[in-house]
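S.K.: Each residue of the sequence shown is one higher than the last, beginning at 2 in this note's numbering. C-beta atoms are modelled at their ideal positions from N, C-alpha and C, and glycine is treated no differently.
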Amino acid sequence: MTTADSIADKRRALASVRKRLAAARNRLRQTHIEYTSTPDGACETYRRFELADGEERAALRQIYLAGLSMADHEYQRRAELGHANDSDGPLEALPLGSPQDPLVGVLVEHRVMGWVRSGPAALASGKVTVGLIRVLADGTSCRRIRLRCAVHSELGVFTETLATVVRQALADPLTRERLDEFLGAAASPAIAAAAQVPK
Numbered sequence: 002m003t004t005a006d007s008i009a010d011k012r013r014a015l016a017s018v019r020k021r022l023a024a025a026r027n028r029l030r031q032t033h034i035e036y037t038s039t040p041d042g043a044c045e046t047y048r049r050f051e052l053a054d055g056e057e058r059a060a061l062r063q064i065y066l067a068g069l070s071m072a073d074h075e076y077q078r079r080a081e082l083g084h085a086n087d088s089d090g091p092l093e094a095l096p097l098g099s100p101q102d103p104l105v106g107v108l109v110e111h112r113v114m115g116w117v118r119s120g121p122a123a124l125a126s127g128k129v130t131v132g133l134i135r136v137l138a139d140g141t142s143c144r145r146i147r148l149r150c151a152v153h154s155e156l157g158v159f160t161e162t163l164a165t166v167v168r169q170a171l172a173d174p175l176t177r178e179r180l181d182e183f184l185g186a187a188a189s190p191a192i193a194a195a196a197q198v199p200k
């Protein structure tokens with residue numbers, strides 16, 4: 002074998018590796034999009050987007066929007082088949098809120114995230130289902146809670162931030178009890194203090 006043959010073989014091998022790597026990256030991206038079409042995945046991807054910058058932020062934005070598009074197609078299909086209920090609708094993650102809000106930092110620290118589904122029934126009922134997720138210390142287990150929250154009375158849309166949802170839940174005695182249990186003994190006092198909502 003000549004040196005030229007050896008170089009040609011190495012180039013072919015390198016091209017093959019690059020092709021397999023590109024295919025693996027595409028599969029990984031597609032898996033990330035599929036996961037983002039779920040409530041947990043939408044929350045986690047959006048939180049990463051909120052905290053990222055530069056190229057990573059742009060890539061996460063594309064994945065998040067593609068995931069929401071996939072979730073919307075799934076919702077439309079459920080609606081066509083008559084399987085969508087009044088609390089169903091297009092999925093989106095709740096934005097944290099203002100970076101100057103002390104509650105925002107505590108929600109990030111305790112890995113609390115939220116999502117909402119706002120469908121046609123929201124205008125008639127004036128309410129939407131909001132889900133909160135808290136990733137536990139092991140990094141894989143989650144606690145979940147669902148709340149009913151008011152929508153904009155004229156438009157039937159939900160525009161609140163995660164910080165606002167948590168403050169409103171803490172201000173309601175019945176919801177606060179459920180929220181305290183969801184947050185746990187360590188996170189609940191810290192979040193209530195940052196929210197400045199008296200017990």
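#1: Relative to the C-alpha of V117, which residue among A188, V166 and V109 is closest?
#2: Only counting the same chain, and skipping five residues up and downstream in sequence, which positions put a Cβ closer than 6 Å to that of A122?
#3: What three-state label does DSSP hand T130 in the structure shown?
#4: Which residue wins for smallest C-alpha separation from L66, given the options E35, R79, H84 and L82?
#5: Under a three-way DSSP split, which group does A94 fall into?
#6: Specify, as a first and last residue, the run of the alpha helix (DSSP H) that L171 falls within.
#7: Taking the straight line between their C-alpha atoms, what separation do you get for S38 and R28?
#8: Can you tell me which of L69, P91 and R112 puts its alpha carbon nearest to the alpha carbon of R79?
#9: Give me the Cβ distance between T176 and L148, rounded to the nearest whole Å; I'm assuming they're in contact under 8 Å.
#10: Cβ atoms of G115 and L163: under 8 Å apart, would you say?
#11: Could you name the residues of the same chain whose beta carbon sits closer than 6 Å to that of P140, not counting the 5 residues immediately before and after it, in chain order?
#12: Do the CB positions of L104 and A196 come within less than 8 Å of each other?
#13: Spatial neighbours of T1 within its chain, please: C-beta separation below 6 Å, excluding the five flanking residues on both sides.
#14: Taking 8 Å as the threshold (C-beta atoms), are F183 and R135 in contact?
#15: Using only CA atoms, which one of V152, L171 and A5 lies nearest to G127?
#16: Can you tell me whether I192 is buried or exposed, with buried defined as 16 or more other CB within 10 angstroms of its CB?
#17: Who are V136's beta bridge partners in DSSP?
#18: To the nearest angstrom, how far is the alpha carbon of D10 from that of E45?
M.R.: Taking the structure as given:
#1: Checked all of A188, V166 and V109; the closest Cα to V117 is V166.
#2: Cβ-Cβ distances below 6 Å link A122 to D87 in the same chain, with the five nearest sequence neighbours on each side left out; the list follows chain order.
#3: Of the three classes helix, strand and coil, the one that applies to T130 here is strand, per DSSP.
#4: If we check each option's Cα against that of L66, E35 comes out closest.
#5: If DSSP states are grouped into helix, strand and coil, A94 belongs with the strands.
#6: Unbroken alpha helix (DSSP H) run through L171: L163 to A172.
#7: The straight-line gap separating the alpha-carbon atoms of S38 and R28 is approximately 15 Å.
#8: Nearest of L69, P91 and R112 to R79, Cα basis: P91.
#9: Right, the Cβ-Cβ distance comes to about 7 Å (below 8 Å), so this counts as a contact.
#10: In this structure, G115 lies closer than 8 Å to L163 by Cβ.
#11: In the sequence as presented, Pro is not what sits at residue 140; that position holds Gly. Cβ within range, chain order: n/a, list empty.
#12: Yes, the pair counts as a contact, with Cβ atoms nearer than the cut-off.
#13: Any question about residue 1 goes unanswered here, given that the chain covers just 2 to 200.
#14: A contact, by the Cβ cut-off of 8 Å.
#15: Cα-wise, what sits closest to G127 is V152.
#16: Classification for I192: buried.
#17: By DSSP's assignment, V136 forms a beta bridge with C143.
#18: Approximately 43 Å, taken between the alpha carbons.
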